[in-house]
Amino acid sequence: MIKRFWRKSSFISIFIFIVFALVASNGITHRTLSTDIRQLQDCLNARSSGRYRDLNKVCPNTSQPIVSPTPLLPQIPDANLPEPQRFLSAIAHQLPTIPQPGTFEYILLRAYGAAFVNQQPEIKLPQKVILANEQETKAFQTTLTMGKVNGTNDCYLQKSAADAFNKAKSAARISLKSGYGGSDCTRTFATNLRFWRKYANNNTLERVRLGKETAILGVVAPPGASQHLWGLAIDLQVSSQVQRQALNKNGWFQTVENDVPHWTYVGLTEENLPLFGLKNKIVRGTTYWLIPL
Numbered sequence: 011m012i013k014r015f016w017r018k019s020s021f022i023s024i025f026i027f028i029v030f031a032l033v034a035s036n037g038i039t040h041r042t043l044s045t046d047i048r049q050l051q052d053c054l055n056a057r058s059s060g061r062y063r064d065l066n067k068v069c070p071n072t073s074q075p076i077v078s079p080t081p082l083l084p085q086i087p088d089a090n091l092p093e094p095q096r097f098l099s100a101i102a103h104q105l106p107t108i109p110q111p112g113t114f115e116y117i118l119l120r121a122y123g124a125a126f127v128n129q130q131p132e133i134k135l136p137q138k139v140i141l142a143n144e145q146e147t148k149a150f151q152t153t154l155t156m157g158k159v160n161g162t163n164d165c166y167l168q169k170s171a172a173d174a175f176n177k178a179k180s181a182a183r184i185s186l187k188s189g190y191g192g193s194d195c196t197r198t199f200a201t202n203l204r205f206w207r208k209y210a211n212n213n214t215l216e217r218v219r220l221g222k223e224t225a226i227l228g229v230v231a232p233p234g235a236s237q238h239l240w241g242l243a244i245d246l247q248v249s250s251q252v253q254r255q256a257l258n259k260n261g262w263f264q265t266v267e268n269d270v271p272h273w274t275y276v277g278l279t280e281e282n283l284p285l286f287g288l289k290n291k292i293v294r295g296t297t298y299w300l301i302p303l
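Take 11 as the starting number for the sequence shown in my numbering and just add one per residue.
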């Protein structure tokens, strides 16, 4: 009986000792970690402010090895597909419902749909090729992360597009078409409508709907259909091969036939454009990358 009592007492004593040891160890570790963090922060603050007597003193290094994220590669369509199917396959993730041939939406996709091949996850595109009105346009534009084009008053694009253009602009001097911004970049529905009324009218729009008029699409986009509404288009003064190369190198291409000042942020390299079904066409010395529909 006495032996059993002492065995139980010994077991309880050992258990209590282990618990206290773990608690004490955790407390010491917590205090040590807190002290290390505080000392590191004090050291960095002192060095940045120049208060350290020995500015060459090395602060404690608690950093972990930096692992670079694996870059996202473009989802290249099956090269065995004909160009139209290759293009449609490439845009399926951006445009869930592909317009039917002969419809107004299909005509607009053929004219302005090159931007839908953009594979960058930061880029946002509407779920359809035409935005119905000002309210729908604003609702879409409020979802965008915008960036400013350097050296302009109010020229804004989707941030990835703006960053890419700023790189091109730093490599070759490139001016906006108007010279200062605003309507050369992201537009409101009202601005799109104003430009349409400047060059066309309701009769023209009806002819476009019926497929009887397409030339106007290289001059101005119907209300709600402009790439400028998406923050992925910019109108420029480009006159040299150096400027074109800088733009192409940074993912900017001319994709609307006969609209010479108009540049689209596709976000792909030139050699990848054919892989996504886009076709090269030279018109009066200007190289366009067009949709194969």
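Ideal Cβ positions, reconstructed from N, Cα and C, are used throughout, including at glycine.
| query | result |
| --- | --- |
| Option nearest S180 by Cα separation, candidates L300, W299, Q253 | Q253 |
| Cβ neighbour criterion (16 or more within 10 Å) applied to E115 | buried |
| Option in S236, Q130, C195, F97 with minimal Cα separation from W206 | S236 |
| Meets three-Cβ-pair contact criterion under 8 Å: the segment 254-262 and the segment 109-123 | no |
| Helix, strand or coil at T296 according to DSSP, with G and I counted as helix | strand |
| Anticipated Cβ contact below 8 Å, T153 with K134, distance rounded | 6 Å |
| Whether D173 touches G157 by CB criterion (7 Å) | yes |
| Whether L303 touches K289 by CB criterion (7 Å) | no |
| Short Cβ contact (7 Å threshold) for L141 with G241 | no |
| Classification of G189 by the beta-carbon crowding that lies within 10 angstroms, buried from 16 upward | exposed |
| Collapsed DSSP secondary structure at K289 in the structure displayed | strand |
| Sequence-distant residues of its chain with Cβ nearer than 7 Å to L215 (five each side left out) | P232 |
| Supposed contact pair L239 and R197 - C-beta distance, whole angstroms, cut 8 Å | 6 Å |
| A89 and V127 closer than 7 Å at C-beta | no |
| Alpha-carbon to alpha-carbon, V293 and L167 | 27 Å |
| For K158: DSSP bridge partner residues | Y166 |
| Short Cβ contact (7 Å threshold) for F150 with P136 | yes |
| Own chain, CB closer than 6 Å to A125, minus 5 neighbours either side, in chain order | Q237, L242, T274 |
| Status (buried if at least 16 other CB within 10 Å, exposed otherwise) for S250 | exposed |
| Contacting residues, own chain, Cβ-Cβ under 8 Å from Q264 (five flanking each side not counted) | V270, H272, W273, T274, T296, T297, Y298, W299 |
| Beta-bridge partners of I244, as assigned by DSSP | W273 |
| Close beta carbons around L105, own chain, < 6 Å, minus the five adjacent residues each side | F126 |
| Local conformation of L186 per DSSP, three classes | strand |
| Cα-Cα separation, N268 to Q145 | 30 Å |
| Host alpha helix (DSSP H) of P94 (start-end) | 93-101 |
| Opposing strand residues paired with W262 [DSSP bridges] | Y275 |
| Sequence-distant residues of the same chain with beta carbon closer than 8 Å to P94, five excluded per side | G287, P302, L303 |
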